[in-house]
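**Q** The structure's right below; bear with me while I get my questions together.
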Amino acid sequence: MAAPESGDGNNGAARMVTLISSDNTRFEVEAAAASLSQTLQLTILDGGGGGGDGIPLPNVDSATLSKVLEYCIKHAPAAANGGAPNATAVDRAELERFDNEFVNIDQSVLYSLIMAAHNLEIEGLQSLVAKKVADMIKGKSPMEIRRTLGFPDPTPEEQAEMNAHMLEYGWAYE
Amino acid sequence: MTPPMARRPCSPPHPVDDAVEEILLRLPPDDPASLVRAATVCRSWRRIVLADADTFSARYCAFHGTPPVLGFLHRGLVDTNKRGLFVPTTTSFHPSNSAALDHNKYYVKDCRHGVLLLGDPKSNLQGLSLWDPITGDQRDLPDGPEAVSSRF
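For the record, the sequence lines run as chains A and B. Residue numbering for the first sequence follows our numbering, beginning at 125 and increasing consecutively. Residue numbering for the second sequence follows our numbering, beginning at 42 and increasing consecutively.
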């Protein structure tokens with residue numbers, strides 16, 4: 125496969141791309157890491173993001189983008205190996221440790237990551253944050269789940285629907 | 042005035058809205074009640090789990106692979122130990138209270154797709170009952186002719 129044009133003529137060095145957050149902070153990262161985003165991958169394959177151009181990300185602020193890129197940089201080598209089928213147990217354990225620590229964050233940061241992972245289509249990150257929320261809500265009652273996630277109190281109409289559903293599936297509440 | 046149908050089920054929009062299906066997919070299969078309780082949270086979550094049941098349940102099964110063993114039924118225990126019919130193998134799941142667990146008149150005759158056919162050990166087509174150990178639903182079947190002697 126032909127190597128994508130790097131634009132800097134610096135063969136051998138990893139190709140870098142620039143991402144620009146919604147608050148105009150520029151992040152220079154390896155194309156391989158940024159390409160974990162399905163959204164960015166096509167642009168990067170087309171040679172975008174290099175040089176002084178940069179790829180604007182109007183929906184992602186710099187704090188969130190920094191966190192997202194931390195994930196991408198850590199996971200890029202394994203992704204480059206096709207999910208790293210030959211990775212050692214130590215490598216896998218290290219990634220798992222990283223992932224566990226990575227989502228040990230404030231709920232507001234977690235929410236920003238959920239939206240960024242969705243917008244940028246970063247499959248592994250989407251999976252990681254979804255698992256984190258699933259862990260937060262499992263074993264909880266519907267009202268506890270609503271409170272955990274900061275949903276507003278149900279309207280009387282919503283409450284009536286919740287009550288009806290709880291009555292219908294009473295076995296899940298015993 | 043906004044028509045009622047246009048109002049968002051979990052209004053206002055919540056950051057997890059776009060990820061709800063991915064989140065629900067990751068609820069543990071060895072605790073079926075988790076998914077049911079999540080479906081109660083709001084209308085849009087309920088719609089994902091229930092209204093699109095074929096889509097979601099197919100994804101859920103594919104995601105988790107072989108369903109976990111929640112427990113097993115011990116045929117021999119039913120007459121000697123009223124509570125021993127179902128032996129749970131996970132800490133998170135216990136069958137709902139049911140007449141089937143308390144009543145020593147039942148004998149496990151067969152099971153298909155998670156539903157048990159219970160009945161009188163001395164009769165083939167009388168006193169039959171269907172029991173779903175996950176939901177606790179139990180439905181008595183109409184008696185068949187006593188004379189039929191085929192075995193299940």
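Beta carbons are placed, not taken as given, at the ideal position from N, Cα and C, and that holds for glycine. Just so you know, these numbers come straight off a predicted model, no measurement behind them.
By how many angstroms is the C-alpha of residue 253 of chain A removed from the C-alpha of residue 227 of chain A?
**A** If you take the alpha carbons of residue 227 of chain A and residue 253 of chain A, they lie about 7 Å apart.
**Q** Using a Cβ cut-off of 8 Å, which residues of the segment 246-257 of chain A contact any Cβ in chain B, in chain order?
**A** From the segment 246-257 of chain A, only 250, 251, 253, 254, 255 and 257 have a Cβ closer than 8 Å to chain B.
**Q** Leaving out five residues before and five after residue 153 of chain A in sequence, what residues of the same chain have Cβ atoms less than 6 Å from its Cβ?
**A** 193, listed in sequence order.
**Q** By a C-beta neighbour count over all protein chains shown, 10 Å radius and 16 as the cutoff for buried, is residue 102 of chain B buried or exposed?
**A** By the 10 Å Cβ count, residue 102 of chain B comes out exposed.
**Q** Determine the closest residue to residue 152 of chain B out of B:87, B:113 and B:90, with distance taken between C-alpha atoms.
**A** When each option's Cα is compared against that of residue 152 of chain B, the closest is B:113.
**Q** Rounded to a whole number of angstroms, what is the C-alpha to C-alpha distance between residue 55 of chain B and residue 273 of chain A?
**A** Their Cα atoms are separated by approximately 9 Å.
**Q** For a contact meaning CB atoms closer than 7 Å, what does residue 154 of chain B contact in chain A?
**A** Within 7 Å Cβ-Cβ: nothing; residue 154 of chain B doesn't reach chain A, min ~17 Å.
**Q** With residue 227 of chain A as the anchor, note down where its alpha helix (DSSP H) starts and where it stops.
**A** First-last for residue 227 of chain A: undefined, no H or E at that position.
**Q** For the beta strand (DSSP E) that contains residue 172 of chain B, what are its first and last residues?
**A** That run of the beta strand (DSSP E) goes 170-172.
**Q** Counting only runs of 3+ residues fully inside the segment 146-212 of chain A, write out the beta strand (DSSP E) ranges in chain order.
**A** Fully enclosed beta strand (DSSP E) runs of 3 or longer: 150-154.
**Q** Inspect the CB distances between the segment 287-298 of chain A and the segment 79-97 of chain B and report whether three or more fall short of 8 Å.
**A** Because the criterion of three Cβ pairs below 8 Å is met, the segment 287-298 of chain A and the segment 79-97 of chain B touch.
**Q** Based on the DSSP output, what are the partners of residue 152 of chain B in its beta bridges?
**A** B:157.
**Q** Which residue from A:168, A:161, A:283 and A:191 puts its Cα closest to that of residue 141 of chain A?
**A** The shortest C-alpha separation from residue 141 of chain A is found at A:168.
**Q** Output yes or no for whether 8 Å exceeds the beta carbon distance between residue 218 of chain A and residue 163 of chain A.
**A** In this structure, residue 163 of chain A does not lie closer than 8 Å to residue 218 of chain A by Cβ.
**Q** Chain A partners of residue 177 of chain B, CB-CB under 9 Å?
**A** Near residue 177 of chain B (Cβ distances below 9 Å), the residues of chain A are 294, 295 and 298.
**Q** On the three-state DSSP scale, how would you describe residue 44 of chain B?
**A** The predicted position of residue 44 of chain B is uncertain, since its pLDDT is 45 and thus under 50; a value taken from the coordinates is nonetheless stated next. It is coil, neither helix nor strand.
**Q** Given that a residue counts as buried once 16 or more other Cβ atoms are within 10 Å of its Cβ, and exposed if not, what is residue 216 of chain A?
**A** Under this definition residue 216 of chain A is an exposed residue.
**Q** Check whether chain B comes within 8 Å of residue 283 of chain A, counting only Cβ atoms and requiring the distance to be less than that.
**A** So no, residue 283 of chain A is outside the interface.
**Q** Considering only C-alpha positions, which residue in the set A:184, A:187 and A:158 is nearest to residue 172 of chain A?
**A** Comparing Cα positions, the closest option is A:158.
**Q** Would you list, in chain order, the members of the segment 174-196 of chain A that have their beta-carbon closer than 8 Å to a beta-carbon of chain B?
**A** Residues: none.
**Q** Can you give the Cα-Cα distance for residue 161 of chain B and residue 176 of chain B, rounded to whole angstroms?
**A** Approximately 22 Å, taken between the alpha carbons.
**Q** List, in chain order, every chain A residue whose beta-carbon is nearer than 8 Å to that of residue 171 of chain B.
**A** Chain A residues near residue 171 of chain B: none, gap ~15 Å exceeds 8 Å.
**Q** Where do the ends of the beta strand (DSSP E) carrying residue 180 of chain B lie?
**A** Segment 179-181, the beta strand (DSSP E) holding residue 180 of chain B.
**Q** Cβ closer than 8 Å: which chain A residues qualify as neighbours of residue 78 of chain B?
**A** Neighbours of residue 78 of chain B on chain A, chain order: 264, 265, 266, 269, 296 and 297.
**Q** Look at the Cβ atom of residue 182 of chain B, then the Cβ atom of residue 169 of chain B, and state whether they are nearer than 8 Å.
**A** Going by C-beta atoms, residue 182 of chain B is nearer than 8 Å to residue 169 of chain B.
**Q** Against residue 275 of chain A, what residues of chain B qualify as contacts under a CB-to-CB distance less than 9 Å, listed in chain order?
**A** The answer, in chain order, is 51, 55, 82 and 83.
**Q** Using a Cβ-Cβ cutoff of 8 Å, what residues of the segment 199-233 of chain A are near chain B? List them in chain order.
**A** Here the close residues number zero.
**Q** Could you tell me the alpha carbon to alpha carbon distance between residue 196 of chain A and residue 243 of chain A, rounded to whole angstroms?
**A** Going from the Cα of residue 196 of chain A to the Cα of residue 243 of chain A covers about 15 Å.
**Q** Which whole-angstrom value is the C-beta distance of residue 76 of chain B and residue 90 of chain B, which I expect to be below 8 Å?
**A** Sure, about 6 Å apart at Cβ, within 8 Å.
**Q** State the DSSP-derived secondary structure class of residue 112 of chain B, mapped to helix, strand or coil.
**A** Residue 112 of chain B falls in the strand class under three-state DSSP.
**Q** Taking C-beta to C-beta, are residue 262 of chain A and residue 68 of chain B nearer than 8 Å?
**A** Yes, Cβ-Cβ distance for residue 262 of chain A and residue 68 of chain B is below 8 Å.
**Q** So if I threshold CB-CB distances at 9 Å, which residues from the segment 62-78 of chain B count as touching chain A?
**A** Answer set for the segment 62-78 of chain B: 62, 63, 64, 65, 66, 67, 68, 69, 72, 73, 74, 75, 76, 77 and 78.
**Q** Using a C-beta cutoff of 8 Å, does residue 290 of chain A count as contacting chain B?
**A** Closer than 8 Å: yes.
**Q** If you measure from the beta carbon of residue 59 of chain B to each beta carbon in chain A, is any gap under 8 Å?
**A** Cβ-Cβ to chain A under 8 Å: yes for residue 59 of chain B.
**Q** Could you check the C-alpha separation between residue 271 of chain A and residue 72 of chain B for me, to the nearest Å?
**A** The straight-line gap from Cα to Cα measures roughly 21 Å.
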